[in-house]
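Using the working numbering, the first residue of the sequence shown is number 70, and each one after it goes up by one.
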Amino acid sequence: MPEQEEKKKIINRLKTIKGHIQGIENMVEAEKGCDEILVQIAAVKQSIHKVGLAIMEAHASECMLDDEKMDKGKVEEMIKMIFNYSK
Numbered sequence: 070m071p072e073q074e075e076k077k078k079i080i081n082r083l084k085t086i087k088g089h090i091q092g093i094e095n096m097v098e099a100e101k102g103c104d105e106i107l108v109q110i111a112a113v114k115q116s117i118h119k120v121g122l123a124i125m126e127a128h129a130s131e132c133m134l135d136d137e138k139m140d141k142g143k144v145e146e147m148i149k150m151i152f153n154y155s156k
């Protein structure tokens, strides 16, 4: 898991995304145009993607760069995580 400062940034980003999703829900309830709603959904998708990248970066820094000797299992774990995230 990321260090405390990075963890705080990630949580703040997630809270922002939560608010953005609430805004999209309000748009649907107010029967806003599909084009407007889809633009906001695309923005949320991008925000979630960025949070995922931040988490992977923190994991790589914590688990790989801090180790004096990186074992094969950790490399395979990181590759699997990247592969699963990129689906």
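C-beta atoms are modelled at their ideal positions from N, C-alpha and C, and glycine is treated no differently.
- Do S130 and H89 have their C-beta atoms closer together than 8 Å? Start at 1 with the first residue of the sequence shown, and residue 130 comes out as number 61. Start at 1 with the first residue of the sequence shown, and residue 89 comes out as number 20. No, the Cβ-Cβ distance between S130 and H89 is not below 8 Å.
- 8 Å contact criterion, which I86 and V113 should meet: CB distance rounded: Along the sequence shown, one-based indexing puts residue 86 at 17. Along the sequence shown, one-based indexing puts residue 113 at 44. The Cβ separation is near 6 Å, so the contact holds.
- Can you tell me whether DSSP reads A99 as helix, strand or coil? If you number the sequence shown from 1, residue 99 lands on position 30. Here A99 sits in coil by DSSP.
- Query: Nearest to Q73 by CA position, among S155, M147, H128, L107, is which residue?
  - Reply: For the purposes of this step, residue 73 is taken as the residue at position 4 of the sequence shown. The shortest Cα separation from Q73 among S155, M147, H128, L107 belongs to H128.
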